[in-house]
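Before any comments, here is the structure.
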Amino acid sequence: MGRFQGMRSILKGNRLEKAGAILAALAVWQLAAMLLDNSLFLVTPFVVARKLMTLVFTVDFWSAIAFTFLRIEIGFFLALFLGTILAFAAGRFRVIGVMLQPYMAVVKATPVASFIILCLIWLNARNLAVFIAFLMGLPIIYTNVLQGFHAADIKLLEMARLFDVGWRRKFRYIYIPQVKPYLLSACSMAVGLTWKAGVAAEVIGIPDGSIGEKLYNAKVYLNTGELFAWSVVIVVISILFEKIFMHAARALFSYRRKR
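Note that the numbering used here has the sequence shown beginning at 7, numbered continuously upward.
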């Protein structure tokens with residue numbers, strides 16, 4: 007009982023620390039805006055909050071969120087699916103890893119803006135965020151899962167070989183538990199990156215009805231309050247989705263382990 011209460015106290019303390027850090031950041035933001043005293047360059051948190059309250063009650067606001075969210079998450083899940091499969095294939099067959107290495111290196115080294123401009127030649131602007139989110143998430147998922155595959159316990163693999171354990175059982179009982187932390191870490195990183203890359207693609211491609219279009223218009227019309235408001239929306243959605251997805255992923259791994 008005492009241990010349980012201790013854990014609750016620690017969790018409560020962590021929440022209070024996070025809340026304090028957020029309040030401190032807002033105070034610094036407010037102070038900086040007051041010292042600068044130029045709403046064209048930096049607005050106060052109160053102005054942003056007021057703008058958000060105005061946007062939240064419009065259909066256009068939720069439509070833009072749905073448009074962008076759907077496309078970015080499709081790109082993320084495609085990267086998760088294909089990156090995981092390619093990583094296991096590369097871990098199982100060395101030649102596949104050798105063949106894929108140049109492509110992954112190029113994707114990781116090339117600036118996002120270059121890919122966005124190139125893809126605008128080949129793709130419709132409405133679907134640009136899907137491909138860019140996929141492209142940015144793929145090497146992160148692939149590299150981390152492959153690293154987890156190679157980090158599998160050699161002694162367990164040797165024992166499985168001696169007892170002639172089939173590949174499917176080795177995959178389930180040796181490789182999946184080993185890859186789990188690498189995959190979760192990759193997903194945590196990829197969610198944020200796909201959102202940044204996907205919205206950047208929309209700002210350049212300017213598809214109608216997207217968050218990127220709203221950001222672009224706010225910049226063109228020097229509507230700093232709206233620019234900050236949409237930026238806050240992007241951060242909040244990205245963090246919320248990451249937390250929900252990571253919780254679901256951990257729950258899925260726990261469920262599989264109990265079976």
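Note that the Cβ used here is the ideal one computed from N, Cα and C, for glycine as well.
Asked	Found
Need the endpoints of the alpha helix (DSSP H) that N133 sits in, please.	Per DSSP, N133 belongs to no alpha helix (DSSP H) and is neither H nor E.
Give the range of the alpha helix (DSSP H) segment to which V54 is assigned.	P51 to V62
In its own chain, which residues sit with a C-beta less than 6 Å from the C-beta of P213, not counting the 5 before and 5 after it?	A131 and R132
Beta carbon of A207, beta carbon of L134: below 8 Å?	yes
Do you know offhand how far L17's Cα is from G103's?	Its pLDDT being 49, under 50, L17 is placed unreliably by the model, and the measurement read from it follows with that caveat. Near 42 Å, if we compare the C-alpha coordinates of G103 and L17.
Can you tell which of T50, G143 and V65 has the C-alpha that lies nearest to the C-alpha of S191?	G143
Closer than 7 Å by C-beta to L92: which residues in its own chain qualify, once you throw out the five before and the five after it? Chain order, please.	L106 and Y148
Report the three-state DSSP secondary structure of G231 (helix, strand or coil).	helix
Residues in its own chain within less than 7 Å of A158 by CB, not counting five upstream and five downstream?	I180, Y181 and Q184
Under the rule that 16 or more other beta-carbon atoms within 10 Å means buried, what is F73, buried or exposed?	buried
Excluding the 5 residues preceding and the 5 following F121 in the sequence, name in chain order all residues of the same chain whose CB lies nearer than 7 Å to its CB.	I138 and L141
For K186, which residues in the same chain have their Cβ closer than 7 Å to its Cβ, ignoring the five residues on either side in sequence?	F259
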